[in-house]
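Protein chains in written order, with my numbering: chain A, 2 to 110; chain B, 430 to 776.
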Amino acid sequence: MTEPAFFVLTALLGGPLHGYGIVGEVDGLSEGRVRLKIGSLYGVLDRLVAEGHVELDREEPYQGRLRRYYRITGTGAAALRAEAARQAANVRAAERRIRAYQPRLGGTA
Amino acid sequence: MSTSLLERRYRRVLRLLPVGYRQQWEEDMVASFLAAYGSEPMTASRPRLGEVASVVTLAVRARLLALQATPRALAWYHTVRALTLISLLLQSFLVTSMFAFSFGEYAFGVPHYIIVSRAFTMLFVVAAFVALALDRVRAARVIAVLALVATVAGLIAAITIGTLNPPPLGAAEIILGAWIAVTVVAVFSPAPGLRPSPTLWIVLYLAGVHLMAPVIISSHTTLANDAWTWMQFLNPVVLASAGLSVTMGIALSRALRGRERSPHWLLALTPFGLLVGAMNLLAWPIGARFVTIGGIGLPMAHVILWCVSDVALIGLTIASAAVSVRLLRRLSTNRAAIADGLEIPGH
């Protein structure tokens, strides 16, 4: 799962969001590291919808336009859980090594 | 609601996306884009470079995936596959017949290496055909290129010693070989759901060899007039015409009974029907000359049967084209998976 897809699914766990709402939520969740452009967002949404991880929740009129709200599906939540577990396992493995790591001082002998 | 200059320009950028993609996403993309600009639509006149770049990237990716993404695009993809398989089948007939033909030439002192080169060409072409029929695409790619090289080398050798006989078959071999090599290398990918029954193709090939090889060999042997006449009647074009008519008839019947939703077989057969029908049509005056002048003597019944079968083939070709266009129009340009996912549950 790509980083933008991971954050989009995470953003939708909080409830249905429209396109620009997702952009803002991802920005906040990633602390500004992942700033989705609109083209990138819809590339991600397109894949997630095709995979059945995201679906349309409702359409609402807003300033003369219809705004689509998207929500995460059961399979989307399961995929996100699996991805989070995988990343957490990676982090634990890296942290164990980091704790055990002692840099050699004074260069090579 | 009036559209701002910014919106119009953004929509112009979105035109880079495939039509099906835009139908699904354009309005929502515009709404999100304008929301991202906040109050800027009143002042900003152009989308930022980053936004344009993201749409361009999305368009490239969507178009690259489009071959397998929309039902209509998929039907065209299947059509190219079917065209290649039929071309390879014809090529197999052709090279096997040419190999049989070279035995006749051998009696007239044609060098061994010409026969050996034709044997290699036949081996590679038939191997490529079998590999594709069995969906061994990677092997087929290598063999199809080898077959083209062998075809060109064999024909150059034949031209050099002046035994290229008959020339139109040589030209057809090269054109077919090049088309096959390009499509097998560039278009084919393993797709187990699409391949026809390998048995069908192998039976068709064997049937073709058995029907055509005697025809070619017969042109180098002395036969009684009656036998010669029959062999002329069973020339490759007539055989191709009969084979095409039967195949088109089956494909049309399946399409009309709703058993085949994709028009790829009909679309692929149509150009061959046109080609063979036209070749037969051009041959009508020759048949008529045999009858009127007497000459070697094609019986009138043969000529009439020939003309009737050609009219049937042309009729079937026109019907195939019409039905395939109708089926093609029914196929959506939208991606089914996406469309399903974008229906609001319960609505």
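Cβ atoms here follow ideal geometry from the backbone N, Cα and C, with glycine treated the same way.
Start-to-end residues for the beta strand (DSSP E) that takes in residue i
i     : result
V55/A : V55 to Y63
Residue i - containing alpha helix (DSSP H), residue span
i      : result
Y43/A  : I39 to A51
Y70/A  : Looking at the DSSP string, Y70/A is not in any alpha helix (DSSP H); the run it does join, the beta strand (DSSP E), is R66 to I73.
S546/B : H541 to A562
E436/B : L434 to L443
S461/B : V448 to Y466
G20/A  : G20 to L30
G583/B : V566 to T589
T3/A   : Per DSSP, T3/A belongs to no alpha helix (DSSP H) and is neither H nor E.
Partners in chain A for residue i, counting only beta-carbon separations shorter than 7 Å
i      : result
G744/B : Per Cβ cutoff of 7 Å: no residues; G744/B is ~43 Å from chain A at best.
Cross-chain neighbours of residue i in chain A, by beta carbon under 8 Å
i      : result
R490/B : G44
M458/B : G20, I39, G40 and Y43
A465/B : Y21, V24 and I39
Top-ranked residue by Cα proximity to residue i, from the options
i      : options                           : result
V485/B : T508/B, P447/B and A529/B         : P447/B
S753/B : L698/B, I743/B and L605/B         : L698/B
G2/A   : E26/A, A79/A and G65/A            : The residue you asked about is not Gly; residue 2/A is Met in the sequence shown. Among E26/A, A79/A and G65/A, the Cα nearest to that of M2/A belongs to A79/A.
R34/A  : Y71/A, E84/A and E4/A             : E4/A
E480/B : R492/B, Y466/B and A560/B         : Y466/B
Q453/B : L46/A, G25/A and L18/A            : L46/A
E455/B : A488/B, L434/B and R475/B         : A488/B
P17/A  : F7/A, Q88/A, R93/A and R72/A      : R72/A
A557/B : I543/B, A548/B, Y542/B and L575/B : L575/B
R475/B : A573/B, R755/B, R440/B and H507/B : R440/B
G678/B : V613/B, L703/B and G744/B         : G744/B
T746/B : D457/B, R759/B, A671/B and E689/B : A671/B
V27/A  : R82/A, Y70/A, T76/A and T11/A     : T11/A
R69/A  : W505/B, S461/B and H507/B         : S461/B
W694/B : A569/B, L512/B, V566/B and E602/B : L512/B
L561/B : L503/B, V545/B and S521/B         : S521/B
R683/B : L756/B, I543/B and A529/B         : L756/B
L13/A  : T74/A, R97/A, R100/A and I99/A    : T74/A
F8/A   : E84/A, E56/A and Y63/A            : E84/A
R793/B : I515/B, R565/B, R444/B and A582/B : Nothing about residue 793/B can be reported from this structure: the residues present for chain B run from 430 to 776 only.
V554/B : A669/B, L710/B, E436/B and M527/B : M527/B
L703/B : A750/B, G606/B and V559/B         : A750/B
T525/B : R690/B, T580/B and W505/B         : T580/B
G449/B : R477/B, W735/B, A502/B and A482/B : A502/B
N709/B : R690/B, S674/B and L478/B         : S674/B
Amino acids of chain B, ordered along the chain, whose beta-carbon sits closer than 9 Å to that of residue i
i     : result
L13/A : Going along chain B, no residue has its Cβ under 9 Å from L13/A, so there is no contact; the nearest lies around 14 Å.
L67/A : E456, D457 and A460
D28/A : The premise fails here: D28/A is roughly 11 Å from chain B at the closest Cβ pair, so nothing lies under 9 Å.
**Residues from the segment 471-487 of chain B in contact with chain A, defined by Cβ distance under 7 Å** = Of all residues in the segment 471-487 of chain B, the ones placed with a Cβ closer than 7 Å to any Cβ belonging to chain A are G479, E480, S483, V484, T486 and L487, in chain order.
Identify each residue in the segment 502-516 of chain B for which the Cβ-Cβ distance to at least one residue of chain A is less than 8 Å, and report them in chain order. none
Alpha helix (DSSP H) runs contained entirely in the segment 482-518 of chain B, provided each spans 4 or more residues:
none
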